[in-house]
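One structure is given below, encoded as structure tokens.
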Amino acid sequence: MTIKPELNTLNRANPKPIDSYPLISDWIKFNSNKTVTVYTGRVELGQGVTEAFTQIAAQALSVSSNQIQLISGDTKLCPNEGYTAASLSIGDGGMSIRVAATAARQLFSQALSKQLPCEPNELSIRGGEFFHCDTRTTHSYWTMASTLNLAVAIPSLSLTHCAEGYDDDFDSLSFSENRLMNLLSGNTYIHDMQLPGMLHARIFPAPHPLAQLNVNTDELSRQLPDDVCLVRINQFIALLSANEWTVTKTVKQIEDSYEHHWQWSKESTVDGNQIDTLDLLSTEVSQINNQLNSDTQATNTESGKTISVSIARPCLLHASIGPSCAVAMLSDSLLTVWTHSQGVFQLRGAIANVLNMDESQIHIVHTPGAGCYGHNGADDAAADAAILALRFPDKPIRVLYSRKNESQHGTLGPAMRSNATALLTSASNISSLTIAVTSPPHSSRPRGKDEPNLRSAYLLKDKSSLDAYQPFSFSDPPQPIGGALRNAVPGYNINAVELRHHKITKLPYRASAIRSLGAYTNVMAIESLMDECAHHINISPIEFRLNHLEDKRATAVINNAVQQSGWNGAESGFGLAYSQYKNSAAYCACVVKLEVDEEINVQNIWISVDVGEVINADGVKAQMEGGAIQAVSWTLLEQANLIENKVGVNGWEDYPVLCFSDVPEIDVQILPNPTMPTLGCGEAAQGPVGAAILNAVRSILEFRPTRLPLTRDSLIDQIGLDSPNNQ
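See below:
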């Protein structure tokens, strides 16, 4: 069974954001200095979308990249495109820019063709200057801009038609060099922002949103140096100073002195990596998809063989190299907040709720942070800065979380488990498949004014009752996109599929979206099952997958990954896996080569990816490489344990990640498919790489691990539990 939510063709209607922002002027502006301003609601998270957007606009308008001024994530100026998430930035955001820029180009060309006169197709554009039959005219976008109204509707344009007008002279190398220089100069990241009169703030964080500190404000104030001030609103506590080092030292001293004075309900103490508690938490069971009719079940029971696998992951930290940061300032009744949030419009509404302000009084400006893999602490830091800015008008307030604060009080990628069971026919095909996912929903993001979901929203309130569970609102996108159930429906040709969700309804920790959501675990379960089925019937795992696929793009990436690796399908130490992210985004197959000694050492990863039309090949490769490295780290090393209901991570020593010296050699090949829509690839590698590692480990140890991470101690424990003496 495969799910294809959208027809794979470029000849389709305008992207969804155009429905809400239908005017050329919503996206494009021509400036008097021979530049073009392009507006987008999508933001740079380290995935390189600003380069891709600049390239798309420059090519569509036939101008140089240096002539594009991209403004992204500004609530005053940009379209509200929702969260920059779910690998939709290029497919929705980038294509909206393409359509708007193409419409602008056509508008100018048609106007000039009437003026000269000539046919529109006799005109060409270079650097924004118009040429007629290769002869330069005196006209350009900028000489004509004052006479044309861009506040006109964007016509319905097929993306194929838009692409036909492209001049493919974008200087990607020059743009990348400029981007690198900006990064090295220290002028890009929010952490490096410096404003006159800035106050540096540090939060004294509550260990739980409903915790109370049984220490009065006067006692806290007496512990402070003269140049540090205290702000306390119920359980929201912050220290501020013009000297960053002073406030950093002081908050550390306060934490050490009063950390154990917080109180909240601990009726049920929760410890460990949360895999073992999955079956202890309250759940709601729902049957999302059921195609197992009685005839199928009867046939399978009589003639089939049941094969089952299970894989569970622990809680995961975002573990960005830099912790969350924000700057806010109140001036002339306008609150401006600089943030690296994924959703500036949703954050604006959430802050308006917390501060009891109108959204028109709040201006949110996105500024890049140190990488983002989902709902990290950026929104909370922004809200903290906004709260403090109201107390210090005309003073820029900079909030920076410590590593401990970020780790213990941010969101976690939730622990989850995916069980997969196949029924094999006598013809060695899978006749039916059952997937059972035990997991909470994977999102507790701010959802605007009606549902702020900010940590400080609870700290500011008086607590009349305490609760051991987190008070945040959790939810998932509906199928087929899904959250916990993302990619739980396999992309293989299987007639009958049953999908069950054991949805955890209350959590002792704060969970939210981390890269790929449930797809990482679900793909590992499905791809482990495919290998186990192949092993049972003594057939190559390559051949077994191809036997269950009709999608030529899927078979192409599998064949290409295998060809890159030179694997014959039988040699141990290799593992294969495949998935199409969300069953609608990029196709990805990979082969992993590893060795098992004292630890698991991943040596090589060969990746084949089909993203349809490629906007920026370097960007695609970077996303696939980054996703692969993170998947290796998750699979082999990462887990966040709870200690007495608190995240037991104080720093990197408590949460090891993959070292640079352990990064495998990665080869990425992009399969060209220029006539197909561009597909998101930012989260495509997570599941296949994790699954391929599991399959390679299985081939060496002749034992299939059922829980992550695959540390030495964990594998020894699991092998011991699987030994005949423990059966």
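The numbering used here numbers the first residue of the sequence shown as 84 and each following residue consecutively. Where is the CB? At the ideal position from N, CA and C, for every residue including glycine.
Among the options, which residue has its Cα nearest to the Cα of residue i?
i: Gly-763; options: Arg-219, Cys-455, Ser-599; result: Ser-599
i: Ile-316; options: Thr-504, Ser-509, Leu-438; result: Leu-438
i: Gly-658; options: Leu-195, Ser-667, Arg-787; result: Arg-787
i: Glu-164; options: Trp-110, Ala-779, His-584; result: Trp-110
i: Thr-504; options: Pro-523, Ile-390, Ile-434; result: Ile-390
i: Gly-565; options: Ala-169, Ile-173, Gly-131; result: Ala-169
i: Lys-665; options: Ser-407, Ala-768, Ala-435, Tyr-484; result: Ala-768
i: Ala-228; options: Leu-240, Val-580, Thr-120; result: Thr-120
i: Thr-329; options: Asn-536, Gln-429, Asp-796, Asp-309; result: Asp-309
So what does DSSP say about residue i, is it helix, strand or coil?
i: Glu-748; result: strand
i: Phe-555; result: coil
i: Phe-475; result: coil
i: Val-675; result: strand
i: Ala-767; result: coil
i: Ala-381; result: Since pLDDT at Ala-381 reaches only 49, below the 50 mark, its modelled position is unreliable, and the value read off the structure follows with that caveat. Reduced to three states, the DSSP call for Ala-381 is helix.
i: Met-499; result: strand
i: Ile-445; result: strand
i: Asn-643; result: helix
i: Lys-117; result: coil
i: Val-780; result: helix
i: Asn-724; result: coil
i: Asp-157; result: strand
i: Ala-321; result: strand
i: Asn-687; result: strand
i: Lys-388; result: strand
i: Arg-209; result: strand
i: Ile-358; result: coil
i: Thr-718; result: helix
Could you tell me the alpha carbon to alpha carbon distance between residue i and residue j, rounded to whole angstroms?
i: Pro-573; j: Val-675; result: 21 Å
i: Gln-801; j: Val-640; result: 33 Å
i: Ser-377; j: Gly-649; result: Because the pLDDT of Ser-377 is 48, which lies under 50, any placement of that residue in the model is unreliable, and the number read from its coordinates should be weighed accordingly. Cα to Cα, Ser-377 sits roughly 44 Å from Gly-649.
i: Ser-511; j: Ser-782; result: 21 Å
i: Ala-672; j: Asn-459; result: 28 Å
i: Met-707; j: Val-772; result: 10 Å
i: Glu-633; j: Ser-403; result: 39 Å
i: Ala-187; j: Thr-133; result: 20 Å
i: Arg-474; j: Ser-522; result: 41 Å
i: Ile-273; j: Gln-562; result: 35 Å
i: Tyr-341; j: Val-334; result: 10 Å
i: Arg-593; j: Cys-161; result: 31 Å
i: Gly-702; j: Ala-140; result: 16 Å
By Cβ distance, which residues of its chain are closer than 8 Å to residue i, with the 5 residues on each side in sequence left out?
i: Ala-381; result: Here the model assigns Ala-381 a pLDDT of 49, short of 50, so the residue's position is not dependable, and the following value carries that caveat. Here the set comprises nothing.
i: Glu-212; result: Arg-219, Thr-220, His-222, Ser-223
Using 8 Å for Cβ pairs, my map puts residue i next to residue j. What's the rounded Cβ distance?
i: Gln-663; j: Ser-691; result: The pair is not a contact, with the Cβ atoms about 12 Å apart (cut-off 8 Å).
i: Thr-123; j: Phe-136; result: 6 Å
i: Leu-754; j: Asn-643; result: 6 Å
i: Ile-286; j: Ala-321; result: 5 Å
i: Arg-628; j: Tyr-670; result: Actually they are not in contact, since the Cβ atoms of Arg-628 and Tyr-670 sit about 13 Å apart, beyond 8 Å.
i: Leu-819; j: Cys-312; result: Outside the displayed span of the chain (84 to 810) sits residue 819, for which this structure offers no information.
i: Leu-128; j: Thr-167; result: 6 Å
i: Leu-364; j: Lys-586; result: Actually they do not touch by this definition, with Cβ atoms about 10 Å apart.
i: Ser-155; j: Arg-125; result: 6 Å
i: Lys-117; j: Gln-150; result: 6 Å
i: His-525; j: Gly-452; result: That belief does not hold up - the Cβ atoms of His-525 and Gly-452 are roughly 21 Å apart, past 8 Å.
i: His-449; j: Thr-422; result: 7 Å
Leaving out five residues before and five after residue i in sequence, what residues of the same chain have Cβ atoms less than 6 Å from its Cβ?
i: Val-606; result: Asn-570, Ser-662, Gly-770, Ala-774
i: Glu-327; result: His-283
i: Leu-719; result: Ile-683, Pro-792, Leu-793
i: Glu-534; result: Ser-556
i: Ile-480; result: Leu-282, Ala-284, Ala-411, Ala-468, Leu-471, Ala-472
i: Asn-299; result: none
i: Ser-179; result: Pro-98, Pro-100, Ile-101
i: Asn-778; result: Asp-614, Gly-658
i: Cys-398; result: Gln-357, Leu-495, Ala-498, Ala-723
Which residues in the same chain as residue i place their Cβ atom closer than 7 Å to its Cβ, once the five residues preceding and following it in sequence are excluded?
i: Gly-432; result: Glu-442, Gly-531, Lys-532
i: Lys-99; result: Asp-175
i: Gln-346; result: Ala-294, Gln-295, Asn-297
i: Leu-542; result: Ala-289, Pro-292, Asn-317, Gln-318, Phe-319
i: Thr-638; result: Leu-629, Leu-632
i: Trp-689; result: Ala-644, Gln-647, Ser-648, Cys-673, Val-674, Asp-750
i: Leu-612; result: Ile-390, Val-392, Ala-503, Ala-505
i: Lys-729; result: Pro-290, Gln-491
Is residue i near the ligand COA, judged by its Cβ being under 7 Å from some heavy atom?
i: Leu-363; result: Because no ligand of any kind appears in the structure shown, any question about the ligand COA cannot be addressed here.
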